[in-house]
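Asker: I am attaching a structure below and will ask some questions about it afterwards.
Number of protein chains: 2
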Amino acid sequence: MDARKRSILQALTEDYILSAEPVGSRTLARKYNLGISPATIRNEMADLEEWGFLEQPHTSAGRVPSDKGYRFYVDELMARPAIGNDLLERIRATYQSRIRELEWFVHQTARLVSDITGYPSIVLAPAWELGIFSALRFVRLGKDSALLIMRTEDGLTQNRTVSIPSELSLAQLNDLAQEFSREFSGMAIRDLQNYILDPLSTSLRQHWALWQRALGWLGHGGGEDERMTVAGPLNILNYPEFNDIDKVRRVLGFLEQDKAVEQIAKTRPMAQGVTVLIGTETSVADIKDCSVVTATYRMGEAVVGRVMVVGPRRMQYAYVMTVLEVVSDELSKALKWA
Amino acid sequence: MDARKRSILQALTEDYILSAEPVGSRTLARKYNLGISPATIRNEMADLEEWGFLEQPHTSAGRVPSDKGYRFYVDELMARPAIGNDLLERIRATYQSRIRELEWFVHQTARLVSDITGYPSIVLAPAWELGIFSALRFVRLGKDSALLIMRTEDGLTQNRTVSIPSELSLAQLNDLAQEFSREFSGMAIRDLQNYILDPLSTSLRQHWALWQRALGWLGHGGGEDERMTVAGPLNILNYPEFNDIDKVRRVLGFLEQDKAVEQIAKTRPMAQGVTVLIGTETSVADIKDCSVVTATYRMGEAVVGRVMVVGPRRMQYAYVMTVLEVVSDELSKALKWA
DNA sequence: CATTAGCACTCCCCTGTGGCGAGTGCTAAT
DNA sequence: ATTAGCACTCGCCACAGGGGAGTGCTAATG
Chain A
1 MDARKRSILQ ALTEDYILSA EPVGSRTLAR KYNLGISPAT IRNEMADLEE
51 WGFLEQPHTS AGRVPSDKGY RFYVDELMAR PAIGNDLLER IRATYQSRIR
101 ELEWFVHQTA RLVSDITGYP SIVLAPAWEL GIFSALRFVR LGKDSALLIM
151 RTEDGLTQNR TVSIPSELSL AQLNDLAQEF SREFSGMAIR DLQNYILDPL
201 STSLRQHWAL WQRALGWLGH GGGEDERMTV AGPLNILNYP EFNDIDKVRR
251 VLGFLEQDKA VEQIAKTRPM AQGVTVLIGT ETSVADIKDC SVVTATYRMG
301 EAVVGRVMVV GPRRMQYAYV MTVLEVVSDE LSKALKWA
Chain B
1001 MDARKRSILQ ALTEDYILSA EPVGSRTLAR KYNLGISPAT IRNEMADLEE
1051 WGFLEQPHTS AGRVPSDKGY RFYVDELMAR PAIGNDLLER IRATYQSRIR
1101 ELEWFVHQTA RLVSDITGYP SIVLAPAWEL GIFSALRFVR LGKDSALLIM
1151 RTEDGLTQNR TVSIPSELSL AQLNDLAQEF SREFSGMAIR DLQNYILDPL
1201 STSLRQHWAL WQRALGWLGH GGGEDERMTV AGPLNILNYP EFNDIDKVRR
1251 VLGFLEQDKA VEQIAKTRPM AQGVTVLIGT ETSVADIKDC SVVTATYRMG
1301 EAVVGRVMVV GPRRMQYAYV MTVLEVVSDE LSKALKWA
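Chains as they are written, first to last, in our numbering: chain A, 1 to 338; chain B, 1001 to 1338.
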């Protein structure tokens, strides 16, 4: 692929990203100073199409980048401008709030990203069930209910109201919690559930029903909902390729459910840095017309969560990547002190 | 309005609810045993249109009920069949779970209702800020964070993590909480916020910053999000009148934001029972093509929340009303023991 | 020999036309 | 009062034709 083909592919991709219209040779020659005539561009485009970088919606339409074309553009062609100062300020300001709750960070980040980019965004909260169980604690609320507080070795906590047998005294509850903590501290939270359901494994079995009730939840680390936040899903309606009600249904349906997002997350390992998945690269049929940009964030040293942007394939890749880079970075910094 | 007009309006409305197609005189005569000819029906329909119960999308189309037509249908014409046993069982089964958390009820109810009816549903959680403050309590989590638990006289609790000055001992915290509780118990939660911000009102002012941080939240009763749950918003896409992308945007946008729902809730007082708002009766422009069915639920004796269904104007009113009646009833029963 | 002008060709899109069908309102007959 | 009959209206759809954007090919050009 020589320099001329590269610049044609780049110009075409950028034009299409802005216009959403198939780009023809004449347009390309007129708008971009390539120094060659439409006829030459046509020849080059024919090559690029043959090689799979471009596609034609139909004969006598302009060309459109294919997944492979976008991929090449993202990997090799596009410029990565530095982030603007205004934007940087805005992002930093978001994290300077006094509120230091994990859930708040997740919500704010999702909203911030979808606001800034104009695409739907998803933020996955720290994967609680991967944490290491440290201790358990009860706080009595009423005569037959208590707050169950679970804590990880990282210092994260989560709590929930459980109903308890009213004959248990506060002291007894505390004993139970201590015994449980002693027994299971150091274990991955994900595994808690399996252990507790084996009645032989613990001397706690006299209150088996209580534990069973409480730990179905503990093992999951709270409801599914709290682990994922979607912001701005309707942004997708602003892009003409989603004028089709069926496409809208697929994409919004995807954003609504929790599980598919995990599929995407699994496509790439939890490597640090910003990752791009284009069209079918996500291998999720519902969003085959979308691209996804993903970044991870850290808490201390460990990678604990993800920020994602879902948009049309003709996404503003460079911009989104830069935004996610900065956001995930600032978020990681903010979480360090949380 | 004589009996014949009534039966014509009823048949037409029911046919249109099922078919979404404007209904003509011939169809009406053929499908329903009205005992009169199309010509007579036409005359009657002309009257009904003149009186504002029917509308014609265009000359030479069939007729469609107007808001006024639906209103008359709902108030006077429609049959209210009893709920089926299967359905009743399903609803009851939902509330027989062991999980007794308020938030869980709200989520489950929203999902249940949208599943059963096939329309989007909204459930408003108990209006926390209307409750009466009873007591406050701290549970230390780490060296500079604590869990703040607030309790109402009804026995509802809510909690949140707050950061606290690390020099405060546990004993000091407890003293603070007790002092605060003594000072403010019996006050409506909604009013807490205003009082605490007046530095003269309390001897607690030495930890003013802490209280300020904590109580901005207490006064609101948690994030907005937790107070409202939407389930099945995409159900709206199944109805042909929402094939238009702009209508979809309006309705989904409405469901996404919190505030507009309150507008609707305010349209009708918190009276018990099931209420129907048709088309522009909601006076929310974004959902002028929708109808809303609303029911309230109780906790003990007091009405504390709402279950709502949002659907196209040609909604299955009778069915939805029956479902909401039963659901809100069962929910109220379940909450009595929560 | 790479580049480019020229040209025939393709195919989408828009518009206008005409037939069909559903439904109406009116009138006259029952 | 009801109804059959009929002319009329209008949306829908299929179809054809013109325009336009863009292409691939070929032959001319520097």
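Note that the Cβ used here is the ideal one computed from N, Cα and C, for glycine as well. Bear in mind that the values here come from a model prediction, so they are computed numbers and not experimental data.
Find the nearest neighbour of residue 151 of chain A within the set B:1152, B:1147, B:1154, B:1153, judged by alpha-carbon distance.
Answerer: Looking at the Cα atoms, B:1147 is the closest of the given residues.
Asker: Could one say the Cβ of residue 331 of chain A lies closer than 8 Å to chain B's Cβ atoms, at least one of them?
Answerer: Closer than 8 Å: no.
Asker: As a quick exercise: from A:42, A:312, A:16, A:251, pick the residue whose alpha carbon is nearest that of residue 285 of chain A.
Answerer: When each option's Cα is compared against that of residue 285 of chain A, the closest is A:251.
Asker: I'd like the ranges of any alpha helix (DSSP H) spanning at least 4 consecutive residues and lying wholly in the region 259-299 of chain A.
Answerer: Listed in chain order, they are 259-267.
Asker: Could you tell me the alpha carbon to alpha carbon distance between residue 1277 of chain B and residue 1006 of chain B, rounded to whole angstroms?
Answerer: The straight-line gap from Cα to Cα measures roughly 21 Å.
Asker: In the structure shown, what three-state DSSP assignment does residue 1138 of chain B receive?
Answerer: Residue state, collapsed to three classes: strand.
Asker: Taking beta-carbon pairs under 9 Å, can you tell me which members of the region 1141-1158 of chain B lie near chain A?
Answerer: Under the 9 Å Cβ criterion, the region 1141-1158 of chain B contributes 1141, 1142, 1145, 1147, 1149, 1151, 1155, 1157.
Asker: Considering residue 125 of chain A, what are the terminal residues of the alpha helix (DSSP H) in which it resides?
Answerer: That residue, residue 125 of chain A, is in no alpha helix (DSSP H); it is neither H nor E in DSSP.
Asker: Mind checking if residue 237 of chain A is an interface residue toward chain B, Cβ cutoff 8 Å exclusive?
Answerer: True, the Cβ-Cβ gap to chain B drops below 8 Å.
Asker: How many Å lie between residue 8 of chain A and residue 19 of chain A at the Cα?
Answerer: About 16 Å.
Asker: For the structure I just gave you, are there three or more beta carbon pairs, one from the region 319-332 of chain A and one from the region 130-142 of chain A, closer than 8 Å?
Answerer: Judged by Cβ distances under 8 Å, the region 319-332 of chain A makes no contact with the region 130-142 of chain A, as fewer than three pairs qualify.
Asker: Measure the alpha-carbon distance for residue 1059 of chain B versus residue 1029 of chain B and round it to whole angstroms.
Answerer: Cα to Cα, residue 1059 of chain B sits roughly 20 Å from residue 1029 of chain B.
Asker: Who are the neighbours of residue 1230 of chain B on chain A, taking C-beta pairs under 9 Å?
Answerer: Those within 9 Å of residue 1230 of chain B in chain A number zero; the least Cβ separation is about 10 Å.
Asker: Can you tell me whether residue 169 of chain A is buried or exposed? The criterion is at least 16 other CB atoms within 10 Å of its CB, across all chains shown.
Answerer: By the neighbour-count rule (16 or more Cβ atoms within 10 Å), residue 169 of chain A is not buried but exposed.
Asker: Have a look at residue 1222 of chain B and residue 1158 of chain B and give me their C-alpha separation to the nearest angstrom.
Answerer: Note that residue 1222 of chain B scores 48 on pLDDT, short of 50, meaning its location in the model is unreliable; the coordinates nonetheless yield the value given after this. Roughly 8 Å separates the two Cα atoms.
Asker: Just grab the DSSP bridge partners of residue 302 of chain A for me.
Answerer: DSSP, once it has assigned bridges, lists A:299 as partnering residue 302 of chain A.
Asker: Mapping DSSP to helix, strand and coil, what is residue 105 of chain A?
Answerer: Reduced to three states, the DSSP call for residue 105 of chain A is helix.
Asker: Which residue marks the beginning of the alpha helix (DSSP H) containing residue 13 of chain A, and which one marks its end?
Answerer: Start and end: 3-19.
Asker: Go through its chain and collect everything with a Cβ distance to residue 124 of chain A's Cβ below 6 Å, but skip five positions before and after it.
Answerer: Counting only Cβ-Cβ distances below 6 Å, and skipping sequence neighbours, we find 228, 305, 306.
Asker: Decide if the region 312-327 of chain A is in contact with the region 1039-1052 of chain B; the criterion is three or more beta carbon pairs, one per stretch, under 8 Å apart.
Answerer: Output reads no: the region 1039-1052 of chain B does not touch the region 312-327 of chain A.
Asker: Check whether the region 1021-1035 of chain B touches the region 1062-1074 of chain B, counting contact only when three or more Cβ pairs, one atom from each stretch, lie closer than 8 Å.
Answerer: Yes: at least three Cβ pairs fall under 8 Å.
Asker: Whole angstroms are fine: how far does the CA of residue 319 of chain A sit from the CA of residue 86 of chain A?
Answerer: Near 14 Å, if we compare the C-alpha coordinates of residue 319 of chain A and residue 86 of chain A.
Asker: Which of the three DSSP states is assigned to residue 1150 of chain B in this structure?
Answerer: Looking at residue 1150 of chain B - three-state DSSP - the assignment turns out to be strand.
Asker: Please confirm whether residue 253 of chain A has its beta-carbon closer than 8 Å to some beta-carbon of chain B.
Answerer: For residue 253 of chain A, the answer is yes, since a Cβ of chain B falls inside 8 Å of its Cβ.
Asker: Interface residues of chain B around residue 249 of chain A at Cβ under 7 Å?
Answerer: Those within 7 Å of residue 249 of chain A in chain B are 1234, 1237.
Asker: For residue 1 of chain A, does the count of other Cβ atoms within 10 angstroms reach 16, so buried, or fall short, so exposed?
Answerer: Label assigned to residue 1 of chain A: exposed.
Asker: Along chain A, in chain order, which residues have C-beta atoms closer than 8 Å to that of residue 1160 of chain B?
Answerer: Result: 101.
Asker: According to DSSP, is residue 132 of chain A part of a helix, a strand, or is it coil?
Answerer: Residue 132 of chain A: strand per DSSP, three-state reduction.
Asker: Would you check whether the ligand GTP has a heavy atom nearer than 7 Å to the C-beta of residue 1242 of chain B?
Answerer: In the structure shown, the ligand GTP is absent, as is every other ligand, since no ligand is present at all.
Asker: Can a CB atom of chain B be found closer than 8 Å to the CB of residue 183 of chain A?
Answerer: Taking Cβ atoms only, chain B never reaches closer than 8 Å to residue 183 of chain A, which makes this a no.
Asker: Classify residue 108 of chain A: buried if its beta carbon has 16 or more other beta carbons within 10 angstroms, exposed otherwise.
Answerer: By the neighbour-count rule (16 or more Cβ atoms within 10 Å), residue 108 of chain A is buried.
Asker: Using the three-state DSSP reduction, which class does residue 45 of chain A fall into: helix, strand or coil?
Answerer: In this structure, residue 45 of chain A counts as helix in the three-state DSSP scheme.
Asker: For a cutoff of 8 Å on Cβ pairs, would you count residue 261 of chain A as touching chain B?
Answerer: Taking Cβ atoms only, chain B never reaches closer than 8 Å to residue 261 of chain A, which makes this a no.
Asker: Can you pull the DSSP bridge partners for residue 345 of chain A?
Answerer: With chain A running from 1 to 338 in the structure shown, residue 345 of chain A is simply not present.
Asker: Check residue 1240 of chain B in the structure and name its three-state DSSP category.
Answerer: Residue 1240 of chain B: helix per DSSP, three-state reduction.
Asker: Is there at least one Cβ from chain B nearer than 8 Å to residue 139 of chain A's Cβ?
Answerer: Yes, its Cβ sits closer than 8 Å to a Cβ of chain B.
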